[in-house]
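Residue numbers (the working numbering): 8 to 272.
Don't be surprised by glycine CBs; every beta carbon is placed ideally from N, CA and C.
In what follows, a single structure is set out as structure tokens and then discussed.
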Amino acid sequence: MEFLVFQINDSNNLLKIFCCLIVIVFIIIAIGHYAFNNGYLTCNHYILNTYLYIVLSIAIIFIVVLLNDRWGIANSFLNLLFSIPIIGFIILLAIIFGLTYALHSVNPSNIVVSNFIWLTLIIVTGIIMVPIIMFGRLTNVVGLAGLLTICIVLVTGLLGYYLGDKIITFDWDYYLNIAVWILIIAYLGVYFVSDIWKYLYILAIVSLVIFVLLLLSNHKKLKDNAENCIDGQVIPNYPVESYSLIIKLVNVMSSLIRILGGRKK
């Protein structure tokens, strides 16, 4: 049974897809130029290369959403997940964690495999964003959520880079990752509460706080990894580095969409 159709008619859809493809091509060329030296991965421009991967991730997520707008490529999969809510949620988590484990396990020198797994993760992330973006469109908050996400990324990036050692004086990630697991379990409770919208609104606020703090911590780690990366001693892992940031960025934007959209319910 098909519950939802995440698809819209947009006369400019093909133009948007074409623009995303142009951005993707230019970013890939830039990655090839800056991330490699004589055919080998280089630590030079470490932070730039990581952000090139992040921009590429965003462009791919955009194009997945736009392709679904045009042809509904992800509707069957999404409707299957929505038809079996709890099981679908668990399956989705298993896919994400399985691919994430594979990405961290593969040798970064195996460029083709690591980038293929990274690309698969980004496409899956794009599919997950389809219903979230649709909700944001229906409540007219996508633009504001996007701008706020950019501001949060910039602020956490600057704080993490310049003041990370002063702000983060203990292992935040240990406690924040526990909080993420508790949050995941809490989301399963949505199927057992009466006021679903209020419950999701509260969880979105908690999620926003957790992932903003994780973003701040991740930016500090990015600086540390860049400083410790030395050609000939360390092989940079830009797919892992970028995905670690993009998944937090996506969660921040998703939380903002649910918070801003929830206020209009």
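Taking 8 angstroms as the upper bound for CB-CB distance, residue 224 and residue 175 are in contact here, some 6 angstroms apart. The beta carbon of residue 113 lies closer than 8 angstroms to those of 120, 121 and 124 in the same chain, with the five residues before and after it left out. Under the three-state reduction of DSSP output, residue 82 falls in the helix class. Annotated three-state conformation of residue 177 is coil, per DSSP.
Residue burial is scored here from C-beta neighbours: residue 76 has at least 16 other C-beta atoms within 10 angstroms and is therefore classed as buried. Excluding five sequence positions before and after residue 84, the CB atoms of its chain that fall closer than 8 angstroms to its own CB belong to 134, given in chain order. Per the Cβ contact rule, the segment 245-255 is in contact with the segment 51-63 (3 or more Cβ pairs under 8 angstroms). Going by DSSP, residue 226 is part of the alpha helix (DSSP H) stretching over 203-235. Around the beta-carbon of residue 214, 16 or more other beta-carbon atoms lie within 10 Å, marking it buried. Taken through DSSP and simplified to helix, strand or coil, residue 20 comes out as helix. When the five nearest sequence neighbours on each side are left out, the beta carbons in the same chain lying within less than 7 angstroms of the beta carbon of residue 218 are those of 255, 258, 259 and 262, in order along the chain. Its chain contains 96 and 210 as the residues whose beta carbon lies nearer than 8 angstroms to that of residue 194, once the 5 sequence neighbours on both sides are disregarded; these appear in chain order. The straight-line gap separating the alpha-carbon atoms of residue 163 and residue 197 is approximately 30 angstroms. With a contact defined as Cβ atoms closer than 8 angstroms, residue 46 and residue 148 miss out at about 45 angstroms.
According to DSSP, residue pairing for residue 47 in a beta bridge involves 44.
Taking every protein chain shown into account, the CB of residue 72 has 16 or more other CB atoms within 10 angstroms, so this residue is buried. Put simply, the backbone Cα of residue 57 is about 43 angstroms away from that of residue 201. With the rule of 3 Cβ pairs closer than 8 angstroms, the segment 225-232 does not count as touching the segment 183-191. A distance below 8 angstroms between beta-carbons, with the five flanking residues on each side excluded, links residue 102 to the following residues of its chain, in chain order: 131. Contact between residue 265 and residue 207 holds: their C-beta atoms lie close to 6 angstroms from each other, under 8 angstroms.
As for any alpha helix (DSSP H) of minimum length 4 sitting wholly inside the segment 141-177, the runs are 149-174, ordered along the chain.
One thing to note: residue 48 has its Cβ within 7 angstroms of the Cβ of residue 242.
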